[in-house]
Every structure is written in C-alpha cells, then in structure tokens.
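For the sequence shown, our numbering assigns the number 6 to the initial residue and increments by one for each residue that follows.
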Amino acid sequence: FEIGWKGAIGAGFNYSLAAFHNHIHDYQDFVITEASLSSIVINARRASTQGLEATFAWYIDANWQFGATAGTVRAVYNDDLLNPATGFRLDGHRLQNVPRYTYNLHAQFGAGPWFARGEIAGAGSFETNAYNAANDVLH
6 FEIGWKGAIG AGFNYSLAAF HNHIHDYQDF VITEASLSSI VINARRASTQ
56 GLEATFAWYI DANWQFGATA GTVRAVYNDD LLNPATGFRL DGHRLQNVPR
106 YTYNLHAQFG AGPWFARGEI AGAGSFETNA YNAANDVLH
C-alpha cells in the first residue's frame, strides 16, 4: 500500500509526502557471483519494503524553480532459504542494491522553450552481497 499527501502553500511552494509498505512474492534478485564475476537472477520467496518519500518545490518566479527530494527505505528478505543443503536463510537481511536513503537537490531556470537544470543527487550505503557481510557494503 501507499498513502500520501500533496499540497501547495500559496502559489509558489508545492510538497508531497508518501509512506509505503509492500509485500513482494517471488522477488527476483540480480546477483553477481564472486567466483566468476558472472551475473545470475535468483528468486526469493518473499521480501518486503517500507519507507518514506518527500518532495518539495519552490517556484520563485515564472523562470526559477528550486527543489529537494528525500527518501528512506527498509528492504529485507522475509522468507528465503538461500541454501537448502545447509539451511542458511536470508530472512531479515537487507535486499541487495537498495540504498537506505536517497536525496536530490536541484535548481532550474527556464525561458520560453529553453531551460537549464543543475542537480546534486546521492544515496546511502547499500549491500552488494545477500549475506550482508561488513566488507560488502558500499558507501
């Protein structure tokens, strides 16, 4: 599900806020094997994501816009028997390649059919291995 709120304050400021929670069945995960550096797609039985997103835009005049976005997500495996022979499970481990947070700041100038935009974007750390070992986190 997702629930949100959009609004405006006066004529020059817009905002939106959203919260979400998803249960995913048969989650497909893209994995790069360590031994051969080849990629494979594996299926996890279930995963879940939940988080918050916020967007703000300030229209200074007809030409200038400044804005910001921010989001945070908790994404984990819920029912994944990674290795049936050993019984190793990934339940509760973070999903690979999903950052804990993201952000963006931008400024845009437009006149007629032309515009220019500058943007700074970033993301928090994320796992590069389903085992979530300390040396497998990118910052």
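C-beta: ideal position from N, C-alpha, C; glycine also.
{"Query": "Inter-residue Cα distance where the pair is Pro104 and Arg122", "Result": "25 Å"}
{"Query": "Span of the beta strand (DSSP E), counted from its first residue to its last, around Leu57", "Result": "44 to 64"}
{"Query": "C-beta contact flag for Thr54 and Val78 at 8 Å", "Result": "yes"}
{"Query": "The beta strand (DSSP E) enclosing Asn83, as first and last residue numbers", "Result": "69 to 84"}
{"Query": "Segment contact flag, the region 69 to 78 with the region 112 to 128, C-beta cutoff 8 Å, min 3 pairs", "Result": "yes"}
{"Query": "Reduced DSSP secondary structure (H/G/I, E/B, other) of Ala16", "Result": "coil"}
{"Query": "Through-space distance from Leu95 to Leu87, alpha-carbon basis", "Result": "6 Å"}
{"Query": "Secondary structure of Asp96, DSSP reduced to three states", "Result": "coil"}
{"Query": "Where the beta strand (DSSP E) through Thr107 begins and ends", "Result": "106 to 116"}
{"Query": "Span of the beta strand (DSSP E) around Gly123", "Result": "119 to 128"}
{"Query": "Neighbour-count burial assignment, Ala5, 16 or more Cβ in a 10 Å radius", "Result": "Residue 5 lies beyond the stretch modelled for the chain, which goes from 6 to 144, so this question has no answer here."}
{"Query": "As assigned by DSSP and simplified to three states, the class of Asn102", "Result": "coil"}
{"Query": "Under the three-state DSSP convention, the category His144 falls into", "Result": "For His144, the predicted structure reports a pLDDT of 49, less than 50, and the residue's modelled location is therefore unreliable. A value from the coordinates is still provided. Looking at His144 - three-state DSSP - the assignment turns out to be coil, as it is neither helix nor strand."}
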